[in-house]
Amino acid sequence: MYRHGDRAPITLYPNDPYQDPSTWPNGLGQLTKRGKEMHYALGKWLRNRYDGFINKRWIPEEVYIRSTDVDRTLMSAACNLAAFYYPDKVDRFDDGLAWMPTPIHTAPLTQDDLLAVDDSCPRIKKELELQENLPIVKNVTDESQKLFKFLSEMSGENITSIIDVDYLYDTLRIEALYNHTLPAWTESVLPQMKALSDFSFEIVAMSEELKRLRAGPIIKEIGNHMREKAEGKLEKQKMFVYSAHDTTLATLLLGLGVFNNIAPPYAATVLIELHKINDERFVQMFLRNDTNMVEKPYVLRLPGCSDPCSLDQWLNITSIVVPDDWMEECKCDEPYDFQINGATIA
55 MYRHGDRAPI TLYPNDPYQD PSTWPNGLGQ LTKRGKEMHY ALGKWLRNRY DGFINKRWIP
115 EEVYIRSTDV DRTLMSAACN LAAFYYPDKV DRFDDGLAWM PTPIHTAPLT QDDLLAVDDS
175 CPRIKKELEL QENLPIVKNV TDESQKLFKF LSEMSGENIT SIIDVDYLYD TLRIEALYNH
235 TLPAWTESVL PQMKALSDFS FEIVAMSEEL KRLRAGPIIK EIGNHMREKA EGKLEKQKMF
295 VYSAHDTTLA TLLLGLGVFN NIAPPYAATV LIELHKINDE RFVQMFLRND TNMVEKPYVL
355 RLPGCSDPCS LDQWLNITSI VVPDDWMEEC KCDEPYDFQI NGATIA
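What follows is the structure, encoded as structure tokens:
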């Protein structure tokens with residue numbers, strides 16, 4: 055699973071000095087040239103890692119790619135695949151075009167029950183509201199009221215929450231990245247804003263309920279794929295690829311208990327690999343969170359398991375966040391009690 059590449063800001067704030075549409079010619083939230091370059095480079099890196107295991111030509115039964123239904127994730131996947139499946143001359147359908155089409159699957163955001171689950175799960179909104187009352191979240195929010203007021207006055211935006219700060223910080227960070235001089239008022243508050251931005255990713259799935267509702271579906275799918283591969287039911291399948299967002303990666307890492315509490319950067323990639331060693335199946339997990347990384351990615355160790363972790367142990371440990379009936383747990387007309395190793399959590 056990887057995050058999309060560099061993009062334009064999602065939103066601008068009322069007092070933003072860079073309101074001219076020419077500042078972001080492709081539109082707000084869209085993938086930039088840098089973003090395309092990032093994923094083309096990542097595609098090369100992935101090809102180098104898996105060359106000899108994954109065929110150089112796309113084979114339908116071998117690799118399946120899914121993206122959220124958002125321009126920047128779809129385009130990131132396309133750029134990534136352009137490098138991963140760079141065609142030999144004999145495979146090119148146009149001599150002047152070193153590219154071969156590769157299918158990318160998606161689902162409308164309102165129907166996505168895997169990578170963008172919030173619209174499909176009413177209970178998530180309720181759990182997010184409950185999470186605001188957790189002591190750690192409430193304390194951080196209370197301590198940030200002075201900052202909220204200052205940011206509201208200076209930006210013209212109504213800043214009332216940690217998430218609001220994250221959105222504003224994201225806009226400022228990108229504008230600075232593109233050498234746009236930030237207003238003088240930002241200098242003294244940017245460090246505090248960054249800290250709150252990082253914290254906002256911790257709370258995308260801080261409670262056990264949110265881990266199950268937000269991370270559960272993708273962890274369940276990954277686990278099912280590995281189990282079926284081990285049982286010989288996916289004989290030809292070798293890779294599933296997911297093109298998503300920073301919050302998607304953070305949610306997955308939180309669900310697995312391996313999040314480093316730092317917002318996933320552009321093109322950050324989580325690798326979950328199934329290995330066969332002496333007829334035993336083992337799972338290894340890695341994080342590539344630096345677009346300039348040329349060395350091996352960071353090893354992620356599932357809490358409670360050795361590295362490598364046996365598939366059976368991996369499935370058993372992660373079962374705590376895998377819903378038996380996700381749609382049922384997503385209902386918010388009444389509390390849903392689910393079992394975790396014999397204990398009930400309401």
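So in the numbering used here, the last one in the sequence shown is 400, and the numbering has no gaps at all. Just so you know, even glycine gets a beta-carbon here, dropped at the ideal spot from N, CA and C.
According to the DSSP assignment, Met-92 belongs to the alpha helix (DSSP H) that extends over 87-104. In the pairwise beta carbon analysis, the stretch 251-266 is classified as touching the stretch 293-310: at least three pairs are separated by under 8 Å.
Rounded to the nearest whole angstrom, the C-alpha separation of Thr-156 and Arg-103 is 19 Å.
The residue among Asp-344, Pro-141, Ile-217, Tyr-140 with its C-alpha nearest the C-alpha of Gly-59 is Asp-344.
Spatial neighbours of Tyr-352 in its own chain (CB-CB distance under 6 Å, excluding positions within 5 residues in sequence) are listed in chain order as Leu-341. Across the set Ser-251, Thr-240, Val-117, Tyr-221, the C-alpha of Val-117 shows the shortest separation from the C-alpha of Tyr-296.
In this structure, DSSP gives Leu-307 a helical state, which the three-state scheme calls helix. By the neighbour-count criterion, in which 16 or more other beta carbons inside 10 Å mark a residue as buried, Asn-187 falls on the exposed side.
DSSP places Tyr-221 in the uninterrupted alpha helix (DSSP H) bounded by 216-231.
Less than 7 Å divides the Cβ of Pro-63 from the Cβ of Thr-225. Only exposed fits Pro-237, as fewer than 16 other CB atoms lie within 10 angstroms of its CB. Beta-bridge analysis with DSSP links Ser-297 to Tyr-56, Ser-121.
The stretch 274-285 makes no contact with the stretch 194-210, as fewer than three CB pairs between them are under 8 Å.
A straight line joining the alpha-carbon of Gln-338 with that of Gly-106 spans about 19 Å. Between Leu-151 and Leu-288, the alpha-carbon positions lie close to 33 Å from each other.
Here Ile-113 carries a coil assignment [DSSP, helix/strand/coil]. Closest by C-alpha distance to Asp-361, out of Asp-74, Asp-149, Phe-336, Thr-372, is Phe-336.
The beta carbon of Met-129 lies closer than 6 Å to those of Leu-85 in the same chain, with the five residues before and after it left out.
Nearest to Phe-313 by alpha-carbon distance, out of Pro-319, Ala-304, Glu-183, Ile-272, is Ala-304. Within the same chain, and ignoring the five residues on either side of Leu-182 in sequence, the residues whose Cβ sits closer than 8 Å to its Cβ are Leu-264. Within its own chain, the residues whose Cβ lies closer than 7 Å to the Cβ of Ile-213, once the five positions on either side in sequence are excluded, are Phe-202, Leu-205, Ser-206, Val-219, Leu-222, listed in chain order. Taken atom to atom, the span from the alpha-carbon of Ala-249 to that of Ile-272 is near 28 Å. From the listed residues Ala-161, Leu-365, Ile-113, the smallest Cα separation to Asp-123 is found for Ala-161.
Rounded to whole angstroms, the Cβ separation of Gly-97 and Arg-126 is 16 Å, and the two are not in contact under 8 Å. DSSP links Met-339 through a beta bridge to Ile-326, Leu-354. Residue Asn-134 holds the alpha-carbon nearest to the alpha-carbon of Glu-91 among Glu-115, Asn-134, Leu-100, Tyr-72. By the Cβ neighbour-count rule, Glu-229 is buried, with 16 or more other Cβ atoms within 10 Å of its own. Listed in chain order, the non-local C-beta contacts of Asp-145 below 7 Å within the same chain comprise Arg-111, Met-154, local neighbours out to five positions each way being set aside.
Burial check for His-159: the Cβ neighbour count within 10 Å stays below 16, so the residue is exposed.
Counting the other Cβ atoms within 10 Å of the Cβ of Gly-89 gives 16 or more, which makes it buried.
Judged by their CB atoms, Ile-374 and Gly-358 are not nearer to each other than the 7 Å cut-off.
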